[in-house]
Amino acid sequence: MGELLGSVLHAGDLWESGLRIFGGRETAEKNRGSGIYPSPEKEQLERYADAFYGLSKLFQKMPCQKERLGDDDLEALFGSVQERVCAGCKMAQSCWSNNYFQSCRMLYEMVTELEYDGAVSQEMEDRLRLQCGAPEMVIQVLKEEYGQARKNLMWNNRMMEQRMAAGEQIFQTAELLRHTAAGFADAPEQEQRIWKKLRRELRFLNIELNGIRVFVCEEERTEIYLSLRAGRKACVSAKTIAEVLSECCGQKMRPAWNCRAAVCAEPGSFHFVPDTKYQIFCGISKITKAGELVSGDNYAFLQKDTGKVVMSLADGMGSGAEACQESEKVIELLEQFLDAGFPQETAVRMINSCMLLQNRQQMFSTIDLCMINLYNAKCDIIKSGAVSTFIRRENEIEVIGANAFPAGVMQQSDYESMHRQLGSGSTVIMMTDGVLEALPEENREQLMVELIGRTATRNAKEYARRLMEKVYLMQKLHARDDMTILVGNIWEK
94 MGELLGSVLH
104 AGDLWESGLR
114 IFGGRETAEK
124 NRGSGIYPSP
134 EKEQLERYAD
144 AFYGLSKLFQ
154 KMPCQKERLG
164 DDDLEALFGS
174 VQERVCAGCK
184 MAQSCWSNNY
194 FQSCRMLYEM
204 VTELEYDGAV
214 SQEMEDRLRL
224 QCGAPEMVIQ
234 VLKEEYGQAR
244 KNLMWNNRMM
254 EQRMAAGEQI
264 FQTAELLRHT
274 AAGFADAPEQ
284 EQRIWKKLRR
294 ELRFLNIELN
304 GIRVFVCEEE
314 RTEIYLSLRA
324 GRKACVSAKT
334 IAEVLSECCG
344 QKMRPAWNCR
354 AAVCAEPGSF
364 HFVPDTKYQI
374 FCGISKITKA
384 GELVSGDNYA
394 FLQKDTGKVV
404 MSLADGMGSG
414 AEACQESEKV
424 IELLEQFLDA
434 GFPQETAVRM
444 INSCMLLQNR
454 QQMFSTIDLC
464 MINLYNAKCD
474 IIKSGAVSTF
484 IRRENEIEVI
494 GANAFPAGVM
504 QQSDYESMHR
514 QLGSGSTVIM
524 MTDGVLEALP
534 EENREQLMVE
544 LIGRTATRNA
554 KEYARRLMEK
564 VYLMQKLHAR
574 DDMTILVGNI
584 WEK
């Protein structure tokens, strides 16, 4: 599936293949002039999405989990008791032919006691002795068979969890493909207008424009792909092309992070995105639990070409190497899903399902995710088992808390999503539970607000270091748990 997404979601390759299918640049220019621009990529992605939707429905129709033994399970259990104990008993004819329903009812009542109390009551044993020639053997075999039936039920439920998790992943993949296909909106008039202006301007730089493709993304933001080739002895930087492109399309553009640095004699595809209004500076400070070699906390900063920056923090259960492995796994999955284009809520749900699929040792990890849109300074915060996040706006400090379970605990992902509007000079402070728990038990969050208020610096790295120093001193330089603080300062360019 990863190879499929990797081949499908590379827009530059799709665009170039589209031109080849329809006859190259000449055919594209002809279609552009007639107002018709073929979009085979969109149709193909929609077909992929429909196929994945159909596959996810098959998983949804599978049997659900059971909390108790069903009728078939009980019937098999009673049959095992009859075969192991009653087959050679002289009273078998009386119990299982003449008084079949009474015998089944008594076994059912004993199973109910085992289910709720964990043992068969003395009263039930006395009743059994009046009707059965081997009551001790019946009770012993019933306990053994019941224990095995409960194990089978547990493993069947686990299998159902894994199937539901796999179905959730398939459904979310279909959602991503549908969302990506929507970005292939045809914009022939805009492409034609930019094509005419840009081709004329690039001639002065000895650059040949072989093709153009405009994609309309979320919030009506446009991304532009250009196929360029420099003339003999010419070499022009991608930043220079971005300046020319900005004048032609009426908005400031910049090369994408994966864009080539310069246009040379060899033809190539170049990706340009709108420049952002805001920028962010990030800082990190970590202290490992006393006596441990590695921290169970992991973090990541991810900046995307969509103009969004993701600050993520994961805290594995406990401390040490195993906790580090769990949180590291969560961070890696977050980076992969978000970099592939999954929305943050979808990424959290898929991580939860991934942990359910492989969580045999019952290891869990919190997820704390903050996604900041650098076009409008909007902030989306998602928490799954994580402690509060603090947002500082000048002299105001807001506390954002949540009560969701960590990832991998519940079959259905449990998270809370909040949205906030930031501005130039706003500061986002994220931390693991070890930081808050280092403070006195009463009013920990209020005390942290006071510590943040007394930290006066605009440097994100220095901000995180100073705040950690204050917390560490309150623990008398002895960390009782792993502690990590992430800081992000947002400024208008």
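Converting from the sequence shown to the working numbering requires adding 93 to each position, the first position being numbered 1. Cβ coordinates follow ideal geometry from the N, Cα and C atoms, glycine included.
In this chain, the beta strand (DSSP E) harbouring Glu-316 covers 315-323. Leaving aside the five residues that flank Trp-584 on each side, the residues in its chain whose CB is nearer than 8 angstroms to its CB run, in chain order, Tyr-371, Gln-372, Ile-373, Phe-374, Ser-517 and Gly-518.
With a threshold of 16 other beta carbon atoms within 10 Å, Met-252 falls short and is exposed. With respect to the C-alpha of Glu-421, the residue from Gly-434, Thr-399, Arg-322 and Val-387 having the closest C-alpha is Val-387. The C-beta distance from Glu-139 to Ala-274 rounds to 5 angstroms, short enough to fall under 8 angstroms. Residues Phe-145, Leu-148 and Ser-149 of the same chain have their beta carbon placed closer than 6 angstroms to that of Ile-263, with the five preceding and five following residues left out of the count. Inside the segment 252-313, DSSP marks whole beta strand (DSSP E) runs of 3 or more residues at positions 300-309, from first to last along the chain.
Secondary structure of Val-521 (DSSP, three-state): strand. Three or more Cβ pairs closer than 8 angstroms define a contact, and the segment 540-558 falls short of that threshold against the segment 339-350.
Contact check for Gly-389 against Ser-412 passes: the beta carbons are separated by less than 8 angstroms.
Checking the DSSP bridge columns, you'll see Thr-459 partnered with Asp-408. Where Thr-577 is concerned, the enclosing beta strand (DSSP E) starts and stops at 576-585.
Taking each of Leu-223, Lys-379 and Gly-226 in turn and checking the Cα distance to Leu-579, the smallest one comes out for Lys-379. Following the DSSP letters along the chain, one finds Thr-482 inside the beta strand (DSSP E) bounded by residues 482-486.
Counting along the chain, no beta strand (DSSP E) covers Arg-222; the unbroken alpha helix (DSSP H) around it starts and ends at 215-224.
Bridge pairing for Arg-347: Val-366 [DSSP]. By the beta-carbon neighbour count (other beta carbons within 10 angstroms, threshold 16), Cys-352 is buried. Considering only Arg-222, Tyr-209, Gln-224 and Thr-266, the residue with the shortest C-alpha distance to Arg-243 is Tyr-209.
When only Cα atoms are considered, Glu-261 and His-571 end up about 43 angstroms apart.
Taken atom to atom, the span from the alpha-carbon of Ala-267 to that of Tyr-141 is near 7 angstroms.
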